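J.:
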Amino acid sequence: MKIQISRIGDRIVTKALLGILVSIGFFATPATAQVDEAQLDAFVEALRLAAPPDSPDDGMYSDWQVLPGTLTGWSEQCLGESVTPEEFEADAEIARRVVSCIAGWQLEEQFSAVGNDDAAVRRAACWWMTGEATGCDNGFTADYVESVSGFYQEQLNSQEQ
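Its first residue numbered 0, the sequence shown is counted upward by one per residue in numbering that gives the first Met the number 0.
Next up, the structure:
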């Protein structure tokens, strides 16, 4: 009889400890950012509006001016297949899908890092231009980040109306 009580008691203690550990795990897990569709749409459009003007033979593709070296990996990651720069340039829907996928991932990363919409947009814009979320404090990159931030706010405001 003592053995059964002991086993039942062990099970109760084990289940209680598991419950406590699971609860601690939930509280210790950092919150993930949730970028909503309006924010993502505004950011993607801001990136498009702030992109350098398209010029022949500049080596960049689509309205977002994406370099071909990043395009292959991005399209494989987001579409499950690689697209050529020419396909990306010619198909605005494909371009927007790939850009939205990567921009959404990056915006969520930055929002998780800073917890502030404006700072996240600025960091994500810096990453878009340079591959790094920080360091766009002066020169051309600072102007670009400022431009993206301004277009982003305009896009959000126009969505609210």
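Glycine residues also receive a C-beta, built at the ideal position from the N, C-alpha and C atoms.
Note that this is a predicted model, so its numbers are computed, not measured.
Taking only three categories from DSSP, how would you classify Val43?
T.: Of the three classes helix, strand and coil, the one that applies to Val43 here is helix, per DSSP.
J.: What does Tyr60 pair with, by DSSP beta-bridge criteria?
T.: Note: Tyr60 sits in a beta bridge opposite Val65.
J.: Which parts of the region 85 to 135 are runs of the alpha helix (DSSP H), unbroken and 4 residues or longer, counting only runs that do not cross its ends?
T.: Listed in chain order, they are 91 to 113 and 116 to 129.
J.: Where Asn156 and Glu36 are concerned, what is the direct C-alpha to C-alpha distance, given to the nearest angstrom?
T.: The straight-line gap from Cα to Cα measures roughly 14 Å.
J.: By DSSP, does Ser157 sit in helix, in strand, or in coil?
T.: Reduced to three states, the DSSP call for Ser157 is helix.
J.: How many angstroms separate the CA atom of Ile23 from the CA atom of Ala112?
T.: With a pLDDT of only 36 at Ile23, under the threshold of 50, the placement of this residue in the model should not be trusted, and no figure is reported.
J.: Examine the Cβ distances between the region 138 to 155 and the region 40 to 55 and report whether three or more of them are shorter than 8 Å.
T.: Taking 8 Å as the limit for Cβ pairs, the verdict is that the region 40 to 55 does touch the region 138 to 155.
J.: Give a yes or no on whether the C-beta atoms belonging to Leu166 and Ile93 are separated by under 9 Å.
T.: The structure shown does not extend to residue 166, since the chain is modelled only from 0 through 160, so no value can be given for it.
J.: Do Trp126 and Ala132 come within 9 Å of each other at the CB atom, strictly closer than that value?
T.: Cβ distance < 9 Å, so Ala132 and Trp126 count as in contact.
J.: Just tell me which of Gly58, Cys135, Arg96 and Val120 has its CA closest to the CA of Gly149.
T.: The shortest Cα separation from Gly149 among Gly58, Cys135, Arg96 and Val120 belongs to Val120.
J.: To the nearest angstrom, how far is it from the Cα of Leu106 to the Cα of Gly130?
T.: For Leu106 and Gly130, the distance between alpha carbons rounds to 13 Å.
J.: Assess contact between the region 136 to 145 and the region 57 to 67, defined as three or more Cβ pairs (one per stretch) separated by less than 8 Å. Is contact present?
T.: Judged by Cβ distances under 8 Å, the region 136 to 145 makes no contact with the region 57 to 67, as fewer than three pairs qualify.
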